[in-house]
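For what it's worth, this note's numbering labels the leading residue of the sequence shown as 138, then goes sequentially.
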Amino acid sequence: MNQFHYSLMKIKLFKFILIIIFLSPLSVFSKDIIFGIPQNPQNINPLYARDAASEKITDLVYEKIFNYNEQYTLTSKFVSWKNINDLVFVFTAKSHSSKFSNGREVLLKDLYFSIKKNHHDPLSKYFEDLKNIQHISLNGSIIEIRLKKPDPLFIEKLSLPILPYDLDNLKIDLSQSSLGSNQFQIISNKPLILLRKDGIRIKFEEVKDPSVRALKLINKEIDLLQNDLSLPIINYLERQHQIKTHSSPGTNVSYIGFNHQHELLKDPVVRKAIAHAINREEIIKFFFNKDTQPASQILSQKHWSSSNQSPHKYNPQLSKNLLIDAGYKLPLSLEFKTSTDTFRIKIATILKAQLEAIGINLKIISLDWGTFFKDIQNGDFQLYSLTWVGLKSPDIYKKIFHSNMIPPFGLNRGLLQDEKIDNLIKESYDKKNWDSALEYIHQRVLIYPLWYEGNFMASLDTICDFQLTEDGSWIGLNNIRLCHD
138 MNQFHYSLMK IKLFKFILII IFLSPLSVFS KDIIFGIPQN PQNINPLYAR DAASEKITDL
198 VYEKIFNYNE QYTLTSKFVS WKNINDLVFV FTAKSHSSKF SNGREVLLKD LYFSIKKNHH
258 DPLSKYFEDL KNIQHISLNG SIIEIRLKKP DPLFIEKLSL PILPYDLDNL KIDLSQSSLG
318 SNQFQIISNK PLILLRKDGI RIKFEEVKDP SVRALKLINK EIDLLQNDLS LPIINYLERQ
378 HQIKTHSSPG TNVSYIGFNH QHELLKDPVV RKAIAHAINR EEIIKFFFNK DTQPASQILS
438 QKHWSSSNQS PHKYNPQLSK NLLIDAGYKL PLSLEFKTST DTFRIKIATI LKAQLEAIGI
498 NLKIISLDWG TFFKDIQNGD FQLYSLTWVG LKSPDIYKKI FHSNMIPPFG LNRGLLQDEK
558 IDNLIKESYD KKNWDSALEY IHQRVLIYPL WYEGNFMASL DTICDFQLTE DGSWIGLNNI
618 RLCHD
């Protein structure tokens, strides 16, 4: 009798489980969507997310107080604002429907807390932007901020991730997990898995080698990938019938950075010679997708602050003449740092050959991503190449060129000390016109913009509704789904 009852109970339990399965949403039992990426984020805490992958993750997880629209102007779904005078800004709460991943509505005091937390944390990447705040107060539906001195771009510095005001009580370690204010929350750090509010899970799998990443897609080991692929790999993926592909123009600028304290690179003649020695059109033609365009400045040509600059023309004879006329005895020797990404090493090898043609011997030093990025942050380089991702504000010119912006206070990693550009940057803020500063940056080759890299994505044909963005973000994951869902 006991055995009979036991068997009956097992049958009833099995039926109950089947009912739960059939009545539950399909997405609960769908497999993870696996996104193949070239390198893992270095720090998913939004206050300290400084590398491109980390910033892309935090953009998925955290809403921002202010966001840029397609015209590169700021809007906010949370507050309206006005400045009482040059020093006082008042922000009034607007009605909205945004919630944290635990279901709680985003409140004005969450915005207040987010500003104060970044303002008080000297290690936050937003700390320098907010140092000009003298006082901030919350009174009912109004936040008031008083500045120490006028700043015409202050609102742009409030493009901050929104954190819950009770973060400390929740005991959440933001470097491991999150309470998201956007579409996703982080539910696992290793491996990195994000959970969308509708139950879709995105798993991020690091595959450093672009060829291996493409093969994993073809073999259905990952579901999609985006960017950081050479043209031959792109062409190969486009020929695969079971793979969807799409490309579009981009605004992320790849560039060569200089150490302005180096005995050779502090000379604008040497920097100009390097600029004219590089055949960008040839590199773009053979190694990048059709939507990649030569760059003449950091922000895209469509940005309101950009000027009508022409890229430095490829002229190796001019490069050699510049060096000889300046009295340099050729060949010169320089070091170029890059990551161990095979595609980036290939580009570095081409740059090496082009510079050798004008009498500059280039030693390539390839480092794992973490070491490479740390060296760049610390100014430990002569030449390097990176890509600026997601830039929207001309404030970037102050951060990377002003003499007061040497790390850790800013992004002047090349250790540039130039009173002329300091004054031109101040003038640009005052006049709200950046033409003179951009002309000086261009003529003195303070940085060498290479190209705006076109975007490319490839996915299995089971993936639907993923869209590319100009800045190469992963915001397309907000709408991605399995086609049968």
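Glycine included, C-beta positions come from ideal geometry on N, C-alpha and C.
- Query: At a cut of 8 Å, does the region 446-463 reach the region 552-563 through at least three beta carbon pairs?
  - Reply: no
- Query: So, Pro178 versus Ile194, is the Cβ gap smaller than 8 Å?
  - Reply: Mapped onto the sequence shown, residue 178 falls at position 41. Mapped onto the sequence shown, residue 194 falls at position 57. The answer is yes: Cβ separation under 8 Å.
- Message: Quick check on DSSP: helix, strand or coil for Phe538?
- Response: Here residue 538 is taken as the residue at index 401 of the sequence shown, counted from 1. Phe538: helix per DSSP, three-state reduction.
- Item | Cβ-based burial, Lys262 [other Cβ within 10 Å; buried from 16] | Against the sequence shown, residue 262 aligns to sequence position 125. Flag for Lys262 reads buried.
- Item | With 16 other Cβ atoms within 10 Å as the buried cut-off, status of Leu311 | The residue you call residue 311 lines up with position 174 of the sequence shown. Residue burial annotation: Leu311 is buried, with at least 16 other C-beta atoms found within 10 angstroms of its C-beta.
- Query: Is the shortest distance between the beta-carbon of Ser191 and the beta-carbons of chain B less than 8 Å?
  - Reply: Of the chains in the structure shown, none is chain B; there is only one protein chain.
- Query: Do the CB positions of Ile484 and Phe538 come within less than 8 Å of each other?
  - Reply: For this step, residue 484 is matched to residue 347 along the sequence shown. For this step, residue 538 is matched to residue 401 along the sequence shown. Cβ atoms of Ile484 and Phe538: not closer than 8 Å.
- Ignore the nearest five residues each way along the sequence and tell me which others in Leu117's own chain have a CB closer than 7 Å to its CB. With the chain running from 138 to 622 in the structure shown, residue 117 is simply not present.
- Contact set for Lys334: own chain, Cβ-Cβ below 7 Å, skip 5 residues either direction: Along the sequence shown, read from residue 1 onward, the residue named residue 334 stands at position 197. Within the same chain, Lys334 has close Cβ partners Ser238, Gln320.
- Item | Residue range of the unbroken alpha helix (DSSP H) whose run includes Thr508 | Sequence index remark: in the sequence shown, residue 508 carries index 371 (1-based). Here the alpha helix (DSSP H) through Thr508 covers 506-514.
- Message: If contact is defined by three or more beta carbon pairs under 8 Å, each pair taking one atom from either stretch, is the region 264-272 in contact with the region 244-251?
- Response: no
- Could you tell me which of Phe203, Glu281, Val225, Thr524 sits nearest to Val390, measuring between CA atoms? By 1-based counting over the sequence shown, the position of residue 390 is 253. When each option's Cα is compared against that of Val390, the closest is Thr524.
- Query: So is Ile323 buried or exposed if we call it buried at 16+ other beta carbons inside 10 Å?
  - Reply: The count along the sequence shown starts at 1 and reaches residue 323 at position 186. Under this definition Ile323 is a buried residue.
- According to DSSP, residues forming a beta bridge with Pro545: The count along the sequence shown starts at 1 and reaches residue 545 at position 408. Bridge partners of Pro545: none, in fact.
- Task: Let me know if Ile221 comes out buried or exposed under the rule of 16 or more other beta-carbons within 10 Å of its beta-carbon.
- Result: As a position in the sequence shown, residue 221 is number 84, starting the count at 1. Its Cβ having fewer than 16 others within 10 Å, Ile221 is exposed.
- Message: On the DSSP letters alone, give me the boundaries of the alpha helix (DSSP H) that Arg481 sits inside.
- Response: In the sequence shown, counting from the first residue as 1, residue 481 sits at position 344. 479-493 is the extent of the alpha helix (DSSP H) around Arg481.
- Message: In this structure, how does DSSP classify Leu332 when only helix, strand and coil are distinguished?
- Response: Taking the sequence shown and counting its residues from 1, one reaches residue 332 at position 195. Leu332 falls in the strand class under three-state DSSP.
- Where Pro586 sits in the DSSP three-state scheme: The count along the sequence shown starts at 1 and reaches residue 586 at position 449. In the structure shown, Pro586 sits in a strand (DSSP, three-state: E or B).
- Buried or exposed: which applies to Thr388, given that a residue is buried once 16 or more other Cβ atoms fall within 10 Å of its Cβ? Taking the first residue of the sequence shown as 1, we reach residue 388 at position 251. Answer is buried; the Cβ neighbour count reaches 16.
- Work out the CA separation of Ile371 and Asp346 for me, nearest whole Å. The sequence position of residue 346 within the sequence shown is 209, counting from 1. The sequence position of residue 371 within the sequence shown is 234, counting from 1. Answer to the nearest angstrom: the Cα atoms are 14 Å apart.
- Could you tell me which of Glu556, Leu245, His440 sits nearest to Thr229, measuring between CA atoms? Translated into the one-based positions of the sequence shown, residue 229 becomes position 92. Here the closest residue by C-alpha is Leu245.
- Task: Look at the alpha carbon of Gln623 and the alpha carbon of His413, and state the distance between them as a whole number of angstroms.
- Result: Because the chain spans 138 through 622 in this model, residue 623 falls outside it and cannot be assessed.
- Assuming Tyr392 and Pro586 form a contact by the criterion Cβ under 8 Å, report the distance between their Cβ atoms to the nearest whole angstrom. As a first step, residue 392 is located in the sequence shown; it is residue number 255 there, counting from the start. As a first step, residue 586 is located in the sequence shown; it is residue number 449 there, counting from the start. Sure, about 5 Å apart at Cβ, within 8 Å.
- Can you tell me which of the three DSSP states Ala186 falls into? Within the sequence shown, numbered from 1, the residue matching residue 186 stands at position 49. It is coil, neither helix nor strand.
- What's the gap between the Cα of Tyr209 and the Cα of Ile292? Counted from its first residue, the sequence shown places residue 209 at position 72. Counted from its first residue, the sequence shown places residue 292 at position 155. Distance from the CA atom of Tyr209 to the CA atom of Ile292, rounded to whole angstroms, is 13 Å.
- Item | Secondary structure, beta strand (DSSP E): runs of 3+ residues fully inside the region 217-277 | Complete beta strand (DSSP E) runs here, min 3: 225-230, 270-276.
- Query: Do you know how far the Cα of Ser325 is from the Cα of Leu553?
  - Reply: For the purposes of this step, residue 553 is identified with residue 416 of the sequence shown, where counting begins at 1. For the purposes of this step, residue 325 is identified with residue 188 of the sequence shown, where counting begins at 1. When rounded, the distance between both Cα atoms is 40 Å.
- In whole angstroms, what is the alpha-carbon distance linking Ile502 and Leu520? What you label residue 502 is simply residue 365 of the sequence shown in a count that begins at 1. What you label residue 520 is simply residue 383 of the sequence shown in a count that begins at 1. Distance between the alpha carbons of Ile502 and Leu520: 10 Å.
- Message: Measuring only the C-alpha atoms, how far is Leu329 from Asp567?
- Response: Here residue 329 refers to the residue found at position 192 when the sequence shown is read from its first residue. Here residue 567 refers to the residue found at position 430 when the sequence shown is read from its first residue. Computed Cα separation, rounded: 44 Å.
- Message: Cys601 and Arg581 - do their beta-carbons sit closer together than 8 Å?
- Response: The residue labelled residue 581 in the question sits at position 444 within the sequence shown. The residue labelled residue 601 in the question sits at position 464 within the sequence shown. No, these two residues do not count as a Cβ contact at 8 Å.
- Ser296: first and last residue of the uninterrupted beta strand (DSSP E) it sits in: Taking the sequence shown and counting its residues from 1, one reaches residue 296 at position 159. Looking at the DSSP string, Ser296 is not in any beta strand (DSSP E), and its letter there is neither H nor E.
- Please look up how many angstroms separate the CB atoms of Arg283 and Val243, rounded, as I've assumed it's under 8 Å. Taking the sequence shown and counting its residues from 1, one reaches residue 283 at position 146. Taking the sequence shown and counting its residues from 1, one reaches residue 243 at position 106. Actually they are not in contact, since the Cβ atoms of Arg283 and Val243 sit about 24 Å apart, beyond 8 Å.
- Neighbourhood of Ile202 by C-beta, 8 Å cutoff - its chain only, sequence neighbours within 5 removed: Here residue 202 corresponds to residue number 65 of the sequence shown, with the count starting at 1. Cβ contact annotation for Ile202 (same chain, cutoff 8 Å, sequence separation greater than five): Ser213, Phe215, Val216, Leu248, Ser251, Ile252, Leu295, Ser296, Leu297, Ile299, in chain order.
- Task: Could you check what DSSP says for Ser318 in three-state terms: helix, strand or coil?
- Result: In the sequence shown, counting from the first residue as 1, residue 318 sits at position 181. Reduced to three states, the DSSP call for Ser318 is coil.
- Going by other Cβ atoms of all chains shown within 10 Å of its Cβ, with 16 needed for buried, is Leu107 buried or exposed? Residue 107 cannot be examined here, being either before or after the span of the chain that is shown, 138 to 622.
- Buried or exposed: Ile411, going by 16 or more other Cβ atoms within 10 Å of its Cβ? As a working note, residue 411 is residue 274 in the sequence shown. It counts as buried.
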